[in-house]
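In my numbering, the protein residues as written are 8 to 381. All residues carry an ideal CB built from backbone N, CA and C; glycine is no exception. Here is the structure we will look at, set down as structure tokens.
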Ligand code: SF4
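Here it is, written out as structure tokens:
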């Protein structure tokens with residue numbers, strides 16, 4: 008099984024925290040989407056021949072800026088050129104784009120899962136983030152989506168907004184859970200250098216929340232979701248047991264995927280590759296039927312380390328038997344001292360030859376993975 012990721016690199020506004028690849032100039036959108044269709048055809052042999060496409064994911068940027076006709080154009084090309092056994096077609100969306108009509112149209116062409124960027128239900132926070140939607144639109148959107156027939160829904164929420172206490176975050180979580188989305192992805196507000204927040208921090212006009220404050224909000228998130236029956240199946244992802252995201256789960260489990268569009272990454276099961284993150288360059292090269300794709304050859308150690316990094320973040324943990332069978336690496340022996348230290352610190356535990364993060368360990372996941380890297 009494999010996946011296709013389509014990166015739609017346009018947004019209405021630049022959110023102040025965001026460092027994804029996107030442009031707020033949509034004048035190139037029509038041609039770029041057309042050329043993404045060309046890229047899909049040009050790269051139809053990228054994935055190993057035996058791989059069947061199980062998931063399609065429209066990410067961005069803001070895929071909900073596309074009309075249903077544009078989404079259908081890309082889906083039709085996938086249907087025509089790839090072997091399919093579809094289990095999930097996700098589209099990332101912002102609440103302000105989703106009218107009842109548009110939702111009906113998306114559902115009718117085969118999109119069956121929406122990942123909706125809500126981030127907060129408080130207008131003052133949305134304004135600070137420079138989001139294009141209001142809390143009122145956020146409150147309406149899940150009902151509208153359900154009326155259009157969407158059963159698989161996810162919302163994104165951001166924690167760690169700097170304020171005097173956690174009451175705002177608790178109220179965001181309560182509002183979200185009352186809407187019962189079934190799946191929530193939640194990330195800490197982080198300050199990336201090439202963003203408005205990054206500039207404000209450099210100038211001294213913005214003070215992010217302290218690490219302790221952010222960690223407390225993460226713990227509130229874990230406890231609240233747990234109490235409502237949501238499983239933390241990846242550090243930032245919580246779902247009811249039948250609502251885990253298939254595309255993302257496959258990604259964390261090392262399933263190959265093809266990434267289409269500027270900045271999209273790909274993985275063929277052995278090596279990674281990436282498309283250049285530049286809309287004009289993408290258009291210029293694709294017009295000439297040239298790819299903007301470069302391959303990053305992974306050493307065996309890179310592959311093992313990537314597996315450690317991603318799998319440790321999930322509920323399925325690191326399978327040391329798999330590592331031994333595939334690479335001849337016995338992690339339990341090679342990293343015995345590190346594992347003893349991590350277990351004694353209460354950050355990981357080992358069960359049936361698998362390593363798992365404890366709740367406390369989840370706060371330190373990247374540092375813990377690094378200790379285990381080869
Ligand atoms: S809408 Fe999403 S991709 Fe676009 S700027 Fe905001 S956070 Fe980034």
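Are residue i and residue j closer than 8 Å when you measure CB to CB?
i: residue 10; j: residue 272; result: no
i: residue 59; j: residue 118; result: no
i: residue 112; j: residue 75; result: yes
i: residue 257; j: residue 269; result: no
i: residue 190; j: residue 246; result: yes
i: residue 319; j: residue 372; result: yes
i: residue 236; j: residue 196; result: no
i: residue 202; j: residue 23; result: yes
i: residue 15; j: residue 65; result: yes
i: residue 128; j: residue 67; result: no
i: residue 263; j: residue 90; result: no
i: residue 376; j: residue 339; result: no
i: residue 227; j: residue 177; result: yes
i: residue 188; j: residue 165; result: no
i: residue 121; j: residue 107; result: no
i: residue 39; j: residue 63; result: no
i: residue 1; j: residue 379; result: Because the chain in this structure spans residues 8 to 381, residue 1 falls outside the shown range and cannot be described.
i: residue 179; j: residue 144; result: no
i: residue 150; j: residue 20; result: no
i: residue 229; j: residue 366; result: yes
i: residue 148; j: residue 123; result: yes
i: residue 336; j: residue 311; result: yes
Going by alpha carbons, who is nearest to residue i out of the options?
i: residue 363; options: 239, 116, 153, 142; result: 239
i: residue 160; options: 98, 264, 84, 311; result: 98
i: residue 25; options: 120, 204, 91; result: 204
i: residue 260; options: 202, 211, 323, 33; result: 323
i: residue 52; options: 274, 316, 185; result: 274
i: residue 358; options: 336, 331, 325; result: 325
i: residue 305; options: 288, 278, 321; result: 278
i: residue 184; options: 146, 351, 83; result: 146
i: residue 105; options: 82, 88, 139, 133; result: 139
i: residue 83; options: 72, 116, 62; result: 116
i: residue 222; options: 200, 208, 194, 211; result: 194
i: residue 41; options: 80, 34, 220; result: 80
i: residue 35; options: 18, 224, 143, 219; result: 18
i: residue 249; options: 311, 158, 88; result: 158
i: residue 265; options: 61, 20, 336; result: 61
i: residue 220; options: 171, 267, 251, 210; result: 171
i: residue 267; options: 173, 289, 252; result: 289
i: residue 49; options: 13, 88, 27; result: 88
i: residue 370; options: 381, 96, 355, 360; result: 355
i: residue 210; options: 200, 109, 173; result: 200
i: residue 95; options: 174, 71, 12; result: 12
i: residue 133; options: 206, 311, 216, 175; result: 175
i: residue 4; options: 32, 368, 33; result: Residue 4 lies beyond the stretch modelled for the chain, which goes from 8 to 381, so this question has no answer here.
Would you say residue i reaches chain C, if we count a Cβ-Cβ gap shorter than 8 Å as a contact?
i: residue 222; result: Annotation note: the requested chain C is absent from the structure, which comprises a single protein chain.
Sorry if obvious, but does the Cβ on residue i come closer than 7 Å to a heavy atom of the ligand SAH?
i: residue 48; result: Ligands displayed in this structure: the ligand SF4; the ligand SAH is not among them.
*Of all residues in the structure, which have a C-beta closer than 6 Å to any heavy atom of the ligand SF4, taken in chain order?*
Residues flagged by the Cβ proximity filter: 18, 21, 22, 25, 27, 29, 67, 68, 69, 101, 124.
*Stretch-stretch touch, CB-based, cutoff 8 Å, three pairs: the segment 294–310 with the segment 31–50*: With the rule of 3 Cβ pairs closer than 8 Å, the segment 294–310 counts as touching the segment 31–50.
_Three CB pairs or more closer than 8 Å across the segment 274–284 and the segment 299–314_ = Yes: the two stretches touch, three or more of their Cβ pairs being nearer than 8 Å.
*Would you check if the segment 307–315 and the segment 328–338 touch, i.e. whether three or more CB-CB distances between them fall below 8 Å?*
A contact between stretches requires three or more CB pairs, one per stretch, nearer than 8 Å, and the segment 328–338 meets this requirement with the segment 307–315.
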